[in-house]
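Numbering follows numbering that gives the first Met the number 0, in which position 39 of the sequence shown is assigned residue number 38; successive positions increment by one, without gaps. Where is the CB? At the ideal position from N, CA and C, for every residue including glycine. Since we're looking at a predicted model, the values are computed, not measured. Reviewing the structure listed below.
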Amino acid sequence: MTPAPGYDVVVAGGGPAGCAAALALVRAGRTVLLADAGTGPPKTGEALVSVGRLLLADLGVAGPVLGSGHLPCHGNLSAWGSAALHAVDFLHDPYGHGWHLDRPLFDRRLRVAARAAGADVAEHTVVRRPSRQPDGTWRLTLCDRTGGGERTVRCRWVVDATGRRAAIAVRSGARRCTGDRLTALHLLLDPAPQTPTDSRSLVESDEDGWWYTALLPSRHRLVAYFTDPDLPVAAARGPERFRDRLLATRHLSRRARPHGLSTLRPPRRAPAHSAHLDRVHGDGWTAAGDAAAAFDPLSSQGILTALYTGLSAGQAVDARLYGDRAALADYAAKVAAARVAYHDGHRAVHAQETRWADRPFWARRQPTTGPGCGGCQGKRLSATPGAGGR
């Protein structure tokens with residue numbers, strides 16, 4: 000029997016976290032297979048804050064990944080805690096503007112960069128049946144979703160970047176902990192006849208949750224409403240009720256109307272709750288990105304966190320393979336510190352909204368004493384909400 004091909008590391012998941020881990024590892028001289036499942040609907044409307052360019056520069060890919068195709072974002076607007084609109088301008092940000100991403104393009108460029116750096120990239124490939132062998136290696140089955148069949152590979156370590164499922168980590172005994180039940184109802188509006196010139200994102204709270212809108216590189220407009228799934232507003236999934244609630248907003252409706260609201264599609268539903276693993280590494284595996292800790296999109300930190308944890312996980316795994324037994328504990332401490340910082344910021348931002356303190360959505364988000372889920376890079380949330388939509 001022909002032995003299965005061997006790698007130092009297999010990275011399961013070809014999003015930002017997985018690509019960052021793969022890039023860190025191949026640049027350290029490791030042999031890496033990056034498996035991108037490519038499952039689920041295309042992701043739209045995500046944002047990268049300005050400091051993200053530093054992480055991409057650390058990975059050596061800032062130029063090609065942040066080239067043309069993304070829409071610069073020069074500020075955030077929010078009506079939070081009052082009906083008045085508050086603006087945060089990025090003009091004085093030392094790192095410059097942020098971006099409204101063409102997410103498929105962003106991910107694709109990261110995978111191209113990983114391949115160019117030396118990683119084997121398996122597109123449309125799911126990692127299944129991970130099995131720890133007596134010699135300490137992993138035996139993994141790679142399933143080609145386009146009909147290319149299955150193949151087996153072996154590796155010394157696995158990075159789980161499979162998103163909120165945390166498929167490898169959970170199968171290996173880790174437990175997924177959720178901080179809330181936040182759900183997004185979202186849709187895309189067609190481009191307006193006259194292209195808007197204001198690319199700033201907008202957050203607007205109401206009695207049962209909060210709204211987010213942003214112009215996308217395609218000139219479509221993303222509109223998302225975040226609430227809890229057990230509330231009556233979440234059950235009203237038809238386009239007419241969504242439109243009626245949208246039109247009741249004071250600020251967001253003004254940006255939506257030029258795009259046309261007469262023939263809306265039903266909004267899609269997606270999980271947006273905070274969550275984390277009870278441990279982010281184990282016997283031969285390490286989790287990164289949403290698999291390690293997922294964040295409420297109000298923080299605008301999702302992509303930044305994915306890059307940060309992916310890079311940090313890759314560095315930690317490389318060090319562990321060299322024999323540094325403290326490397327993974329140090330990585331876990333970074334993730335834990337990020338979650339605490341996120342919780343503090345999340346609590347502070349929600350405490351600013353007192354107009355509907357007796358409504359279930361807001362009552363559930365009153366200050367608590369324990370650390371929650373989420374965070375990024377040890378940074379606190381801005382005192383002004385600025386979501387990166389999902």
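In terms of alpha-carbon separation, which member of P195, A113, P257 lies closest to A61?
Position 62 of the sequence shown holds residue 61. Measuring C-alpha to C-alpha distances from A61 to each of P195, A113, P257 identifies A113 as the nearest.
Presumed contact (8 Å Cβ cut-off) between A335 and G178, rounded CB distance:
Stepping through the sequence shown from its first residue, residue 335 is reached at position 336. Stepping through the sequence shown from its first residue, residue 178 is reached at position 179. Not really, about 14 Å apart at Cβ, beyond 8 Å.
Cutting at 8 Å between CB atoms, please list the residues of its own chain near T151, excluding the five before and the five after it.
As a first step, residue 151 must be located in the sequence shown, where it is residue number 152. Result list for T151: A3, R138, L139, T140, L141, in chain order.
W361 - containing alpha helix (DSSP H), residue span
As a position in the sequence shown, residue 361 is number 362, starting the count at 1. W361 -> alpha helix (DSSP H) spans 359 to 362.
Would you mind listing the alpha helix (DSSP H) stretches within the region 23 to 74 that are 4+ residues and don't spill past its ends, in chain order?
Residue ranges of uninterrupted alpha helix (DSSP H) with 4 or more members, entirely inside the region 23 to 74 and ordered along the chain, are 51 to 57, 61 to 64.
Return helix, strand or coil for R220, following the three-state DSSP convention.
Residue mapping note: residue 220 aligns to position 221 of the sequence shown, counting from 1. It is a strand residue.
Are A34 and V157 closer than 7 Å when you measure CB to CB?
In the sequence shown, the residue the question calls residue 34 occupies position 35. In the sequence shown, the residue the question calls residue 157 occupies position 158. Contact annotation: A34 and V157 have beta-carbon atoms that are not nearer than 7 Å.
Using 8 Å as the threshold, is the region 273 to 292 in touch with the region 192 to 201, meaning 3 or more CB pairs across them?
Touching, no.
Got a sec? Which residues, its chain only, sit under 6 Å from T194 by beta carbon, not counting five neighbours each side?
Working through the sequence shown from its first residue, we reach residue 194 at position 195. If the five residues before and after T194 are omitted, its C-beta is found closer than 6 Å to the C-beta atoms of R218, all from its own chain and listed in chain order.
Inter-residue Cα distance where the pair is F225 and A328:
By one-based count along the sequence shown, residue 225 stands at place 226. By one-based count along the sequence shown, residue 328 stands at place 329. Approximately 35 Å, taken between the alpha carbons.
Three-state secondary structure (DSSP) of L327:
Here residue 327 refers to the residue found at position 328 when the sequence shown is read from its first residue. In the three-state reduction of the DSSP assignment, L327 falls in the helix class.
For A337 and chain D, any beta-carbon pair shorter than 7 Å?
Protein chains in the displayed structure number just one, and chain D is not present.
Is the beta carbon of A11 less than 7 Å from the beta carbon of Q314?
In the sequence shown, the residue the question calls residue 11 occupies position 12. In the sequence shown, the residue the question calls residue 314 occupies position 315. Going by C-beta atoms, A11 is not nearer than 7 Å to Q314.
Put L181 into one of helix, strand or coil per three-state DSSP.
Numbered from its first residue, the sequence shown carries residue 181 at position 182. Coil.
Three-state secondary structure (DSSP) at E398?
The structure shown does not extend to residue 398, since the chain spans only 0 to 389, so no value can be given for it.
Do you know how far the Cα of T43 is from the Cα of V111?
Within the sequence shown, residue 111 is the residue found at index 112, counting from 1. Within the sequence shown, residue 43 is the residue found at index 44, counting from 1. Their backbone Cα atoms lie some 20 Å apart in a straight line.
Inspect the CB distances between the region 233 to 240 and the region 290 to 300 and report whether three or more fall short of 8 Å.
In short, these stretches do not touch, since the Cβ pair count stays below three.
Looking only at C-alpha atoms, which of H123, S171, Q132, A191 sits nearest to E149?
By 1-based counting over the sequence shown, the position of residue 149 is 150. Of all alpha-carbon atoms in H123, S171, Q132, A191, the one lying nearest the alpha-carbon of E149 is that of H123.
DSSP has P270 in a bridge; who is on the other side?
Translated into positions along the sequence shown, residue 270 becomes position 271. Under DSSP, P270 takes part in a beta bridge, and its partners are T182.
Within the same chain, show all residues whose beta-carbon is closer than 7 Å to that of A326, passing over the 5 residues directly before and after it, in chain order.
Along the sequence shown, one-based indexing puts residue 326 at 327. Closer than 7 Å at the Cβ level, and outside the excluded window around A326, lie A315, A318, R319.
Using CA atoms only, rank isn't needed, just tell me which of A340, L184, R170 is closest to R131.
By one-based count along the sequence shown, residue 131 stands at place 132. The closest CA to that of R131, considering only A340, L184, R170, is found on R170.
So, for T136: in the same chain, excluding its five sequence neighbours on each side, which residues have a beta-carbon less than 7 Å away from its beta-carbon?
In the sequence shown, residue 136 corresponds to position 137, counting from 1. Correct list, in chain order: R153, C154, R155.
Tell me whether the beta-carbon of A269 lies closer than 7 Å to the beta-carbon of A183.
Indexing the sequence shown from 1 puts residue 269 at position 270. Indexing the sequence shown from 1 puts residue 183 at position 184. For A269 and A183, yes; Cβs fall inside 7 Å.
V8 by DSSP, collapsed to three states: which one?
Within the sequence shown, residue 8 is the residue found at index 9, counting from 1. Three-state result, V8: strand.
Return the residue from the list R254, F241, H96, D88 that minimises the CA-CA distance to T212.
As a position in the sequence shown, residue 212 is number 213, starting the count at 1. Selected option, being the one with the closest Cα: R254.
Closest Cα partner of Y6 within the set A118, T248, D289:
On the sequence shown, residue 6 is found 7 positions in, with the first residue counted as 1. Looking from the CA of Y6, the closest CA among A118, T248, D289 belongs to A118.
On the DSSP letters alone, give me the boundaries of the alpha helix (DSSP H) that D207 sits inside.
For the purposes of this step, residue 207 is identified with residue 208 of the sequence shown, where counting begins at 1. Here D207 belongs to no alpha helix (DSSP H), and DSSP marks it neither H nor E.
Range of the contiguous alpha helix (DSSP H) that encloses T396
Outside the displayed span of the chain (0 to 389) sits residue 396, for which this structure offers no information.
Unbroken alpha helix (DSSP H) run spanning G309, endpoints:
For the purposes of this step, residue 309 is taken as residue 310 along the sequence shown, with counting starting at 1. Residues 301 to 320.
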